[in-house]
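Number of protein chains: 2
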Amino acid sequence: MSKLRLMITMSLGSYVAGPDQSEENPLGVGGMELHQWFFPLKAFREMHGESDGETNASSPVVEERQANIGATIMGRNMFGPVRGPWPDESWRGWWGEDPPYHHPVFVLTHHQREPLEMEGGTSFHFVSSGIESALAQAKDAAGGQDIWLAGGAAVVNQYLAAGLVNEIDISIAPVILSSGARLFDKLEHGALELEQIRAVDAPGVTHIKYKVG
Amino acid sequence: MSKLRLMITMSLGSYVAGPDQSEENPLGVGGMELHQWFFPLKAFREMHGESDGETNASSPVVEERQANIGATIMGRNMFGPVRGPWPDESWRGWWGEDPPYHHPVFVLTHHQREPLEMEGGTSFHFVSSGIESALAQAKDAAGGQDIWLAGGAAVVNQYLAAGLVNEIDISIAPVILSSGARLFDKLEHGALELEQIRAVDAPGVTHIKYKVG
Chain A
-5 MSKLRLMITM
5 SLGSYVAGPD
15 QSEENPLGVG
25 GMELHQWFFP
35 LKAFREMHGE
45 SDGETNASSP
55 VVEERQANIG
65 ATIMGRNMFG
75 PVRGPWPDES
85 WRGWWGEDPP
95 YHHPVFVLTH
105 HQREPLEMEG
115 GTSFHFVSSG
125 IESALAQAKD
135 AAGGQDIWLA
145 GGAAVVNQYL
155 AAGLVNEIDI
165 SIAPVILSSG
175 ARLFDKLEHG
185 ALELEQIRAV
195 DAPGVTHIKY
205 KVG
Chain B
-5 MSKLRLMITM
5 SLGSYVAGPD
15 QSEENPLGVG
25 GMELHQWFFP
35 LKAFREMHGE
45 SDGETNASSP
55 VVEERQANIG
65 ATIMGRNMFG
75 PVRGPWPDES
85 WRGWWGEDPP
95 YHHPVFVLTH
105 HQREPLEMEG
115 GTSFHFVSSG
125 IESALAQAKD
135 AAGGQDIWLA
145 GGAAVVNQYL
155 AAGLVNEIDI
165 SIAPVILSSG
175 ARLFDKLEHG
185 ALELEQIRAV
195 DAPGVTHIKY
205 KVG
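In structure tokens form, the structure reads like this:
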């Protein structure tokens, strides 16, 4: 059975982005600090064509997260800074022509758009028919593999509230953000039954994995 | 140097209590679930005069938290359900005549009241002159030992915003609370510089310790 796996980094205080997201500041003010633990890793450097980088306690966690993923779901703000109707087809994501997904990515939006075929196996599919439809399409595309629920907070909170997330693997960065996009917001108490699977103490970050009952 | 140490349990989503706190439900709806990891421990059972209980990966964390503490600071809602001016002296805390502190406890309130001498070395001192004054009094009383900042969220957020907290040791429970009292709220980005000291994977909980720079 294909699982929907939330894998994301948040601040101590549950923010996944800072305020004032823009093209210059995709993660909002301070949001980039959340990912400091990831940038020195060999796994990250390799994504960017470099052969250096370190291996530490985060490395097996990253490996585990990347394994058995056949599709990704994300919100539109994670795809780009354009709001409202698409003015044209020029915005093709933050990641250049060879994005680090290498599988189909489903972008939730209220505004329809033709799919984008990128290099390296990544394609972007714009879904305006809601979160359940996006999940069904992602499952079809994943060919039995799991689906990465990547962000942002609004989309994640919708999937959580709908009880559609099977696993949460969250990285908690030693960062305080003042405002922005917050996870685990506006959920009913008892909406989710969580079982802690493991926690990993890594340099500058803690990774906690939960099974959602 | 006497340190102010925040040691508290929060939900995945940063709530330390649920909504609708009352005398029957001191931690609000669902708030008790946060502490499920603590109740089976020998350290908890011993506080309540029992000799049974288990020892697990949380046990050394609890021991470390209890060590070298000479005073506690808490908000008024953590002391009791009475709001507004004290109608009389009858409310003496949630914990009976021998509270599990065994040292002076400073309760922040807008409404003055005479100190309470309890059994077993605990005393409650009501401070209406603000958080800095409470900290100064707690330091005097602690005799060189550290001070436990115990909660609730409003008081903790004030101490964090004022830059007065030296160490954060937070337990994250696999629980979602919908609303209530939230930690790390309304802080300026960059107000706190955190360094992760250690994370402990324990049954049903993760304990993360930060040094505040």
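Top to bottom, those sequences are chains A and B. The working numbering numbers the first residue of the first sequence as -5 and each following residue consecutively. The working numbering numbers the first residue of the second sequence as -5 and each following residue consecutively. Here a beta-carbon is modelled for each residue, glycine too, at the ideal position from N, C-alpha and C.
Output yes or no for whether 9 Å exceeds the beta carbon distance between residue i and residue j.
| i | j | result |
| --- | --- | --- |
| A/L143 | A/M26 | no |
| A/V56 | A/G174 | no |
| A/R176 | A/G7 | yes |
| B/H42 | B/T3 | no |
| A/F100 | A/L110 | no |
| A/A167 | A/G198 | yes |
| B/E126 | B/L158 | yes |
| B/A148 | B/N71 | yes |
| A/G138 | A/P98 | no |
| A/A196 | A/S45 | no |
| A/I141 | A/L35 | no |
| B/S122 | B/H104 | yes |
| B/L181 | A/S165 | no |
| B/K208 | B/S(-4) | This structure leaves residue 208 of chain B out entirely; chain B is present only between -5 and 207. |
| B/N160 | B/F178 | no |
| A/P93 | A/T116 | yes |
| A/G47 | A/R59 | no |
| A/W88 | A/P20 | yes |
| A/L102 | A/A128 | yes |
Going by DSSP in three states, residue i sits in which element: helix, strand or coil?
| i | result |
| --- | --- |
| B/S172 | coil |
| B/S122 | coil |
| A/L154 | helix |
| B/L35 | strand |
| A/L129 | helix |
| B/Q64 | Here the sequence assigns Gly to residue 64 of chain B, which means Gln is not the residue at that position. Here B/G64 sits in strand by DSSP. |
| A/D163 | strand |
| B/E111 | strand |
| B/V10 | strand |
| B/E18 | coil |
| B/V23 | coil |
| A/V76 | coil |
| A/E48 | strand |
For chain A, is any of its Cβ atoms less than 9 Å away from the one on residue i?
| i | result |
| --- | --- |
| B/A196 | yes |
| B/L177 | yes |
| B/K180 | yes |
| B/L102 | no |
| B/S16 | no |
| B/A148 | no |
| B/G12 | yes |
| B/A65 | no |
| B/Y204 | yes |
| B/G157 | no |
| B/L28 | no |
Would a check of beta-carbon distances place residue i closer than 9 Å to chain B?
| i | result |
| --- | --- |
| A/P54 | no |
| A/R(-1) | no |
| A/P168 | yes |
| A/T3 | no |
| A/Q190 | yes |
| A/A185 | yes |
| A/S8 | yes |
| A/L129 | no |
| A/Y153 | no |
| A/L35 | no |
| A/G24 | yes |
| A/L171 | yes |
Could you spell out where the alpha helix (DSSP H) holding residue i opens and where it closes?
| i | result |
| --- | --- |
| B/Q60 | S53 to Q60 |
| A/M72 | R70 to F73 |
Can you tell me where the beta strand (DSSP E) with residue i in it begins and where it stops?
| i | result |
| --- | --- |
| B/A193 | L188 to A196 |
| A/D140 | D140 to G145 |
| B/M4 | L(-2) to S5 |
| A/L102 | P98 to L102 |
| B/H201 | V199 to V206 |
Throw me the rounded Cβ distance for the residue i and residue j pair, which I believe falls under 8 Å.
| i | j | result |
| --- | --- | --- |
| B/E113 | B/E91 | 5 Å |
| B/I162 | B/V206 | 6 Å |
| A/A193 | B/T200 | 4 Å |
| A/G24 | B/G74 | Incorrect: roughly 38 Å between the Cβ atoms, too far for contact. |
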